[in-house]
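Report on one structure; see the data block that follows.
Residue numbers (the numbering used here): 120 to 776.
So, in structure tokens, the structure goes:
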């Protein structure tokens, strides 16, 4: 008896059997090399097929040279991709998953740095990707784009894909045709709803005619409520009903957001879950032929089962959940849901790396993008020696788990009464409790794997030297800079006025050790979650907060996660004041002199406490290796960095033992 009967039930589609209702939906993984899919992409998709996904929809392929958006896109309009994709599709199908390919064109929102072409759009509107304008297509060019989409679908079929998904989401080309404010044409491609949907309906009909009745055709759409000019739920129902009536379309995937509401496309932890069910429920009620897939904020099997059991969709697309744990579907099938490594919705290494045009990875699962060189998200047996891990922050936790997975005898010691180090403190910031869920997961895995966990334990060098372990892993982390050094005031060795007291670190605040009073200044050097999240927590607690940052805007380093806007909106509603492009010239004990770096003018802000979120310092209390033991150092004790690199070094070390 399964706890997820609807999620795990099979589904027939165009003669193909999806073994469950879990889709690994299309997203840009940016893994192509010189425009061709290679070993990195193959390993990535194969691992999710081995992990039990019912259907995989791969990386979107640009239909046309004017639609190239990322460095890692596949070559547009080229048959060169066919043999490379054939190797991937054969292996994915052999692993039991149905595989389709998404085809896309972003219309007005292209990237000239990559395409070196004008952006083609229905009416020549502005880009929301950058500050470019776009080119209003002639009717001949519209026909050219239709032909390019059809050619891409035929190419996908030759590549071994069992279907294609046409991209009409996020105000892309098809959505631009549908939306009156971006389609102001007065020919047969604009005006009435029938005319505005002519491009997409013709495209789907062309694919059906060319690729046959046993070829799956899906469509990706999205729903955004941020602007009245975008399509409403009622509009979307009308549009999808027109396509449903043709009988050519098999499924519609509904995502959230658009280029006008970008942070909802890949919703971070600042957003809720199951964002698209209000629309998917309406579409499912009216659909006669198509199946409806709910996407965006569907993070867990529980999310998926609740959506399906409520009749709000036929399938669920769990993308980041299967990035974080590619074996999510298999573990659900086997009743091992508690073993699933849950996505923490941080967006740091998936969208965060993609936003910088790198191939994607995952903060909590560093095997992502490295499956081809690390043997997937799996472990091979090791030599069976004993390992002592000192420090239970992210690096130590992953090193201990990975070593135990390989059969090593592992003991991990932590000086604090709980695991997680600074990462656990981050989980105590508003809306970040998914990090605490991850800590619970590690504790369950340690119990399952037989790892000895000793808390409240500080080992001195003599105790480590006498320990029977063959291998010592030092993961002792980092500490706040005691001098509160500001990198943009390098001539000041320490914060002037530090000796007056009342200056604290974010760690002090989140451990509830800081005595701050009612008015607090938070200096946020990188404008990241260490400062922003601490300011948010203080504001939620009723403090009067001012954020001072040397950056041009609050949340600069978290802009890559698409969470900065939501964070600023929440801070503003809580009354937090922003002082940008500024540093702390002096602390007075009852206020801070804030230096405007543009004008050189100082302003005194009264405050009862000052929180300095500056760069930490590595903490390694064991400067020498231990004689007779292999001694290894990982994580912040080597150099303070983001948590992603600590998890990466922990896994890499475990694989190298």
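For glycine and all other residues, C-beta sits at the position ideal for the given N, C-alpha and C.
Just so we're clear, the structure is a prediction, and the values are computed from it rather than from any experiment.
Straight across, the Cα-Cα distance linking residue 267 with residue 291 is about 16 Å. Its chain contains 604 and 605 as the residues whose beta carbon lies nearer than 8 Å to that of residue 611, once the 5 sequence neighbours on both sides are disregarded; these appear in chain order. Checking the DSSP bridge columns, you'll see residue 235 has no partner listed. Annotation for residue 181: 187, 192 and 195 place their beta carbon closer than 6 Å to its own, counting only its chain and skipping 5 residues before and after. Along the length of the segment 386 to 417, whole alpha helix (DSSP H) runs at least 4 residues long occupy 396 to 405, reported in chain order. Partner residues in the beta bridge of residue 219, as assigned by DSSP, are 176 and 282. The shortest CA-to-CA distance from residue 260 to any of 745, 275 and 240 is the one to 240. Put simply, of 264, 141, 230 and 258 the residue whose alpha carbon is nearest the alpha carbon of residue 249 is 230.
Inclusion of residue 533 and residue 510 in the CB contact set at 8 Å is warranted, their separation being smaller than that value. Using a Cβ distance threshold of 8 Å, residue 236 and residue 287 do not count as a contacting pair.
Just measuring C-alpha positions, the residue of 371, 496, 727 and 189 sitting nearest residue 356 is 371. Relative to the Cα of residue 721, the nearest Cα in the group 698, 160 and 397 belongs to 698.
Contact between the segment 142 to 150 and the segment 430 to 448 is present: three or more C-beta pairs spanning the two stretches fall below 8 Å. Excluding the 5 residues flanking it on each side, residue 345 has same chain C-beta neighbours closer than 7 Å at 379 and 380, in chain order. C-alpha of residue 265 to C-alpha of residue 246: approximately 21 Å in a straight line. One thing to note: residue 460 has its Cβ within 8 Å of the Cβ of residue 484. Shown here, residue 336 sits in a strand according to DSSP, grouped into three states. At the C-beta level, residue 547 and residue 629 come within 8 Å of one another. Put simply, of 174, 121 and 169 the residue whose alpha carbon is nearest the alpha carbon of residue 494 is 169.
Sixteen is the threshold: when 16 or more other Cβ atoms of the shown chains lie within 10 Å of the Cβ of residue 403, as they do, the residue is buried. In the structure shown, residue 181 falls within a strand segment according to DSSP collapsed to helix, strand and coil. Comparing alpha-carbon positions, the option among 600, 163 and 700 lying closest to residue 734 turns out to be 600.
Within the DSSP secondary-structure output, residue 573 pairs in a beta bridge with 532. Short of 7 Å from the beta carbon of residue 627, and not among the five residues preceding or following it, lie these beta carbons of its own chain, in chain order: 633. Within the same chain, 712, 714 and 721 come within 6 Å of residue 704 by CB-CB distance, once the 5 residues on both sides are set aside.
Boundaries cannot be given for residue 153, as no alpha helix (DSSP H) includes it and DSSP labels it neither H nor E.
Taken in chain order, the whole beta strand (DSSP E) runs of length 3 or more contained in the segment 498 to 525 are 505 to 509. Straight across, the Cα-Cα distance linking residue 523 with residue 529 is about 6 Å. Taking 8 Å as the cut-off, the beta carbon of residue 297 is found no closer than this to the beta carbon of residue 317.
Within the same chain, 265 and 269 come within 7 Å of residue 325 by CB-CB distance, once the 5 residues on both sides are set aside. Secondary structure of residue 241 (DSSP, three-state): coil. By the neighbour-count definition (other C-beta atoms within 10 Å, threshold 16), residue 738 is an exposed residue. Fewer than three Cβ pairs drawn from the segment 613 to 622 and the segment 644 to 654 lie within less than 8 Å of each other, which leaves the two stretches out of contact.
Annotation for residue 732: the continuous beta strand (DSSP E) segment containing it runs 728 to 732.
Under the 8 Å Cβ criterion, the segment 673 to 683 does not count as touching the segment 569 to 578, having fewer than three qualifying pairs.
A straight line joining the alpha-carbon of residue 578 with that of residue 563 spans about 24 Å.
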